[in-house]
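*Asks:* The structure under discussion is supplied below as structure tokens; questions concerning it will follow.
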Amino acid sequence: MHKYGTPLIAASIKGDAGVVRQLLATSEVEIDRKDTKHGRTALGWASANGHDAVVRLLLDTTKVDVNSTDNDGWSPLHWALQNKHDKVFRLLME
């Protein structure tokens, strides 16, 4: 298993929109898979880190669970608000 759970989660943590785009183009990607340490999805990580381009790519799939919560009960929206990522917050509210 990948250090961060999945390659999609790793790319989302780093904000690598190019890799995220490539991974989403495959039919095998598990978009709502959670990492084993925090129970956070790729969208959760991208939101927490303020990677708006990655958040947009994930949202554009229309397959992502925007209300998924991590081990602490926090959703991507909670993370964006807590970390003052206004652009991500607005994307999630659309």
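What the sequence shown shows, in the UniProt record's numbering, is residues 1 to 94, in sequence order. Beta carbons are placed, not taken as given, at the ideal position from N, Cα and C, and that holds for glycine.
Checking 8 Å against the spacing of the C-beta atoms, do VAL31 and ALA42 come in under that value?
*Replies:* In the sequence on display, residue 31 carries Ile and not Val. Closer than 8 Å, so yes.
*Asks:* Leaving out five residues before and five after LYS63 in sequence, what residues of the same chain have Cβ atoms less than 6 Å from its Cβ?
*Replies:* So the list reads ILE31, once near-sequence residues are dropped.
*Asks:* When the Cα atoms are used, what is the spatial distance from LYS34 to ASP52?
*Replies:* Roughly 19 Å between the two C-alpha positions.
*Asks:* Can you find the residues in the same chain that come closer than 7 Å, C-beta to C-beta, to ASN49, ignoring five residues on each side of it along the sequence?
*Replies:* Taken in chain order, the residues that qualify are ILE13 and GLY15.
*Asks:* When burial is assigned at 16 or more other CB atoms within 10 Å of the CB, is SER47 buried or exposed?
*Replies:* Buried is the call here.
*Asks:* Taking the beta carbon of GLY5 as the centre, do at least 16 other beta carbons fall within 10 Å, making it buried, or is it exposed?
*Replies:* By the neighbour-count rule (16 or more Cβ atoms within 10 Å), GLY5 is buried.
*Asks:* Pull up the CB-CB distance for LEU57 and VAL20, whole angstroms please, since I reckon it's below 8 Å.
*Replies:* Yes, LEU57 and VAL20 are in contact; Cβ-Cβ is about 5 Å, under 8 Å.
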